[in-house]
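Sequence order for the protein chains is A and B. In this text, residue positions in the first sequence follow my numbering: the first is 374, and each later residue adds one. In this text, residue positions in the second sequence follow my numbering: the first is 46, and each later residue adds one.
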Amino acid sequence: MTADVTTIKVHRSTRDRLSAIADTFGRGTTLDQVLNDLVKRYETDEVRARQAAEQLHAEVRADSALMNRAGAHADAHLAYLTERAAHQ
Amino acid sequence: MTAVGFVLDDTVLIELGRLDREMHALLLAYEERHIRITVPALTLAAAEADLAPGQRLVLAGTMKILSNVRISFVSDEEEHRRLADVLSCLYDSTDMAAAHAVAVAQHLDWPILTMNLKRWGPIQEHLPYRLDLYEVKDPD
Numbered sequence: 374m375t376a377d378v379t380t381i382k383v384h385r386s387t388r389d390r391l392s393a394i395a396d397t398f399g400r401g402t403t404l405d406q407v408l409n410d411l412v413k414r415y416e417t418d419e420v421r422a423r424q425a426a427e428q429l430h431a432e433v434r435a436d437s438a439l440m441n442r443a444g445a446h447a448d449a450h451l452a453y454l455t456e457r458a459a460h461q
Numbered sequence: 046m047t048a049v050g051f052v053l054d055d056t057v058l059i060e061l062g063r064l065d066r067e068m069h070a071l072l073l074a075y076e077e078r079h080i081r082i083t084v085p086a087l088t089l090a091a092a093e094a095d096l097a098p099g100q101r102l103v104l105a106g107t108m109k110i111l112s113n114v115r116i117s118f119v120s121d122e123e124e125h126r127r128l129a130d131v132l133s134c135l136y137d138s139t140d141m142a143a144a145h146a147v148a149v150a151q152h153l154d155w156p157i158l159t160m161n162l163k164r165w166g167p168i169q170e171h172l173p174y175r176l177d178l179y180e181v182k183d184p185d
């Protein structure tokens with residue numbers, strides 16, 4: 374083992390899942406390459422952005438009082454937009 | 046049925062980036078009601094400039110995951126001309142965030158959703174037409 378390599382402990386099932394992904398990448402793909410690819414994907418702005426927004430929206434949706442209030446506002450806004458469109 | 050919707054201004058986009066839950070809930074309610082939202086790209090860029098990286102992330106993600114949101118780019122001659130027309134009215138202004146919002150709103154004939162009507166006072170006084178502004182109040 375070289376100085377810039379380390380060992381991480383993962384559950385056997387996690388290792389099996391990583392191995393399964395490695396198999397789809399082609400013969401000779403190492404788990405290190407798989408992990409690097411997964412980390413790179415995770416760090417992709419789009420994924421991170423979607424996750425950040427999805428997490429926030431899940432919290433917002435779970436707040437029924439907040440959503441009811443927003444729904445009432447949105448109904449009023451829709452009525453305004455519909456009325457506006459009818460007169461154009 | 047005619048599509049109806051709002052053009053978002055930078056005051057709304059900044060609040061979305063700052064995790065204003067009331068504003069996010071409103072956008073989710075819009076999505077349920079098929080109220081469309083158009084975000085002018087230059088307005089979005091100006092809003093992002095006021096936000097921290099984590100806040101930009103939430104704003105960008107929100108733009109991506111809501112099915113009723115579309116970003117309007119300046120991508121052809123027609124859009125370029127419409128923006129230039131607005132800028133020519135705001136001859137002494139470099140407020141690109143407002144200019145692009147006005148250009149898109151005029152083209153779509155949609156109102157501009159804002160959290161601050163006063164933000165639009167200096168813009169309105171230069172324009173030869175009335176802006177249709179719809180203000181949402183911050184409950185905080």
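Glycine is no exception: its CB is placed at the ideal position from the N, C-alpha and C atoms. Quantities reported herein were computed from a predicted structural model and do not represent experimental measurements.
| Query | Result |
| --- | --- |
| Specify, as a first and last residue, the run of the beta strand (DSSP E) that B/G50 falls within. | 50-53 |
| Tell me which same chain residues have a C-beta within less than 8 Å of the C-beta of B/R63, skipping the five on either side of it? | L96, Q100 |
| By the DSSP assignment, the beta strand (DSSP E) with B/P85 in it spans what residues? | 81-85 |
| Residues of chain A with CB closer than 8 Å to the CB of B/H69, please, in chain order. | L429, H430, V433 |
| Along the chain, where does the alpha helix (DSSP H) that runs through B/L104 open and close? | 98-110 |
| I want to verify the contact list: residues of chain A whose CB lies under 7 Å from the CB of B/R127, in sequence order. | Per Cβ cutoff of 7 Å: no residues; B/R127 is ~19 Å from chain A at best. |
| Determine, for B/A105, whether the minimum Cβ-Cβ distance to residues of chain A falls below 9 Å. | yes |
| DSSP state of B/I59, grouped into three classes? | helix |
| Which value, in whole angstroms, describes the spacing of the CA atoms of B/E77 and A/Q428? | 18 Å |
| Between the Cα of B/P167 and those of B/T139, B/L89, B/P98, B/Y179, spot the shortest distance and give me the residue it belongs to. | B/T139 |
| Kindly give me the distance between the Cβ atoms of B/T83 and B/G50, rounded to whole angstroms, as I take these residues to be in contact under 8 Å. | 6 Å |
| Leaving out five residues before and five after B/A48 in sequence, what residues of the same chain have Cβ atoms less than 7 Å from its Cβ? | R81 |
| Which residue's Cα is closest to the Cα of B/V114: B/R164, B/A144, B/L71? | B/L71 |
| Taking A/T465 as the reference, give the member of A/D389, A/R421, A/A445, A/H450 with the closest Cα. | Nothing about residue 465 of chain A can be read from this structure; chain A reaches only from 374 to 461. |
| Is A/G444 close to chain B, meaning its C-beta is less than 9 Å from at least one C-beta of that chain? | yes |
| Is B/I157 buried or exposed, if buried means 16 or more other CB atoms sit within 10 Å of its CB? | buried |
| Ignore the nearest five residues each way along the sequence and tell me which others in B/T56's own chain have a CB closer than 7 Å to its CB. | T159, M160, N161, R164 |
| Quick check: is the beta carbon of A/Y453 nearer than 9 Å to any beta carbon in chain B? | yes |
| Residues of chain A with a CB under 8 Å from the CB of B/Y179: which are they? | H450, Y453 |
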